[in-house]
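Asker:
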Amino acid sequence: MNSSLSISRSGLKGLQTHLDITSNNIANVNTIGFKQKNTNFYELLRNDVAGQNGPLPNGVSRGMKATQGQFNMTQGSFIAGSNPFDLAISGEGMFGIRLPDNQLAYTRDGSFAFDQNGVLRNASGNRVEMTLNVPKNNWPKGEPYVREDGQVRVGNVLVGEIPVFDDANSSQLIEVGENQWVLPQGQAAARLANPVIKQHFLEGSNVELAESMSDMIVTQRAYSMNAKVLQATDEMMQRINEYKQ
1 MNSSLSISRS GLKGLQTHLD ITSNNIANVN TIGFKQKNTN FYELLRNDVA
51 GQNGPLPNGV SRGMKATQGQ FNMTQGSFIA GSNPFDLAIS GEGMFGIRLP
101 DNQLAYTRDG SFAFDQNGVL RNASGNRVEM TLNVPKNNWP KGEPYVREDG
151 QVRVGNVLVG EIPVFDDANS SQLIEVGENQ WVLPQGQAAA RLANPVIKQH
201 FLEGSNVELA ESMSDMIVTQ RAYSMNAKVL QATDEMMQRI NEYKQ
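Residues in the sequence shown are numbered consecutively from 1, following UniProt numbering.
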């Protein structure tokens, strides 16, 4: 009977984790550059639960555990932008962002603009990794053009370059908020050799709303069923204790 309680409790915790992740995905369906999070489910075996030394009869597990899995790095749809430095990456790669502590972070959100000091920043105010051959205030007159390879030109003058970093280690990315990720300490992403940047576009969220809503409904039903099992098991234990008395 205690095993039934343990299985139901672990099921509720796992399903709640999945609901939280799915809810966050849905809430960010319109967030530029957002990447959907997946949920990993694990079967709890006898060695995974403290105080349980023996296997359950008939090979029954002790429930499940859910954790946040990898980010889904598939391409989001392109949205037309109005800023010369509204940029989207087509295919692989990430932009580099310097956090306030100067740590290099990565993002697919290319909503960039220059501040009054001539520094290119993202929507969060963090500095975009960029090489300036010519200080912004000394650029020639004219519309800046960002090439697919990241070169920034005004007319025929190469004024700077925006690097794109390889996302081959995306499974190790650690979320730090506002659509920004870092790699574990001591690791850094290499520059991508042949990036494809689209100027005047932004990359939309890759969350599939209909699929996520359907997933949430199914998960809510499973949560409700687990809660009923937990309640029924608790009532049965109370009756057993009453009979013993």
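Glycine residues also receive a C-beta, built at the ideal position from the N, C-alpha and C atoms.
Taking only runs that begin and end inside the UniProt domain "Flagellar hook protein FlgE/F/G-like D1" (88-153), name each unbroken alpha helix (DSSP H) of 4 or more residues, in chain order.
Answerer: With a minimum length of 4 residues, no continuous alpha helix (DSSP H) run stays inside the UniProt domain "Flagellar hook protein FlgE/F/G-like D1" (88-153).
Asker: Which of the three DSSP states, helix, strand or coil, is assigned to Q185?
Answerer: Indexing the sequence shown from 1 puts residue 185 at position 185. Of the three classes helix, strand and coil, the one that applies to Q185 here is coil, per DSSP.
Asker: What does a CB cutoff of less than 7 Å around A80 pick up in its chain, not counting 5 residues either side in sequence?
Answerer: Counting from one through the sequence shown, the residue named residue 80 turns up at place 80. Cβ neighbours of A80 beyond the five flanking positions: H200, F201.
Asker: Name the DSSP bridge partner or partners of E208?
Answerer: Here residue 208 corresponds to residue number 208 of the sequence shown, with the count starting at 1. Partner(s): none; E208 has no beta bridge.
Asker: Look up A227 in the DSSP assignment and give the residues it is bridged to.
Answerer: The sequence position of residue 227 within the sequence shown is 227, counting from 1. Its beta-bridge partners do not exist; DSSP assigns none.
Asker: Per DSSP, which residues does E161 bridge with? Please list them.
Answerer: Looking up residue 161 in the sequence shown gives position 161. DSSP, once it has assigned bridges, lists T131, Q151 as partnering E161.
Asker: What do you reckon, are the CB atoms on V164 and G150 nearer than 8 Å?
Answerer: Residue numbering aside, residue 164 sits at position 164 when the sequence shown is read from its first letter. Residue numbering aside, residue 150 sits at position 150 when the sequence shown is read from its first letter. The answer is yes: Cβ separation under 8 Å.
Asker: Let me check understanding here. Comparing Cα to Cα, which of M237, Y243, T233 lies closest to R9?
Answerer: On the sequence shown, residue 9 is found 9 positions in, with the first residue counted as 1. Per the Cα distances, T233.
Asker: Would you decide whether L209 is buried or exposed? Buried here means 16 or more other CB atoms lie within 10 Å of its CB.
Answerer: For the purposes of this step, residue 209 is taken as residue 209 along the sequence shown, with counting starting at 1. L209 should be labelled exposed.
Asker: Skipping 5 residues on each side, what residues in its chain have a beta carbon closer than 8 Å to that of Q103?
Answerer: Here residue 103 corresponds to residue number 103 of the sequence shown, with the count starting at 1. So the qualifying residues of the chain are V182.
Asker: Using only the alpha-carbon positions, how far apart do residue 246 and N122 sit?
Answerer: Any answer about residue 246 is impossible in this case: the structure gives the chain only from 1 up to 245.
Asker: Could you please give the first and the last residue of the uninterrupted beta strand (DSSP E) stretch that includes G76?
Answerer: The sequence position of residue 76 within the sequence shown is 76, counting from 1. G76 -> no beta strand (DSSP E), and no H or E assigned at all.
Asker: Which residues mark the beginning and the end of the beta strand (DSSP E) in which I197 is found?
Answerer: Along the sequence shown, one-based indexing puts residue 197 at 197. Run containing I197: 197-199, per the beta strand (DSSP E) assignment.
Asker: Suppose you measure from the CA of A168 to the CA of T31; what does that come to, to the nearest Å?
Answerer: Numbered from 1 along the sequence shown, position 168 holds the residue referred to as residue 168. Numbered from 1 along the sequence shown, position 31 holds the residue referred to as residue 31. Distance between the alpha carbons of A168 and T31: 23 Å.
Asker: Could you tell me whether the Cβ atoms of A88 and K198 are closer together than 8 Å?
Answerer: For the purposes of this step, residue 88 is taken as residue 88 along the sequence shown, with counting starting at 1. For the purposes of this step, residue 198 is taken as residue 198 along the sequence shown, with counting starting at 1. Their beta carbons are under 8 Å apart, which means A88 touches K198 by this criterion.
Asker: Please report the distance separating the alpha-carbon of R46 from that of E178.
Answerer: Taking the first residue of the sequence shown as 1, we reach residue 46 at position 46. Taking the first residue of the sequence shown as 1, we reach residue 178 at position 178. Residue placement at R46 is flagged as unreliable, the pLDDT there being 46, under the threshold of 50; a coordinate-derived value is accordingly withheld.
Asker: Hey, out of S124, Q172, P195, N194, whose CA is closest to Q185's CA?
Answerer: Taking the first residue of the sequence shown as 1, we reach residue 185 at position 185. The shortest Cα separation from Q185 among S124, Q172, P195, N194 belongs to Q172.
Asker: List the DSSP bridge partners of L202.
Answerer: Taking the sequence shown and counting its residues from 1, the one referred to as residue 202 is at position 202. Per DSSP, I79.
Asker: Identify which residue in T131, D115, V196, N133 has its Cα closest to the Cα of G125.
Answerer: Along the sequence shown, read from residue 1 onward, the residue named residue 125 stands at position 125. Among T131, D115, V196, N133, the Cα nearest to that of G125 belongs to D115.
Asker: So F34 packs on S170, CB below 8 Å; how close in whole Å?
Answerer: Locating residue 34 in the sequence shown gives position 34, where the first residue counts as 1. Locating residue 170 in the sequence shown gives position 170, where the first residue counts as 1. So it is not a contact: roughly 14 Å between Cβ atoms.
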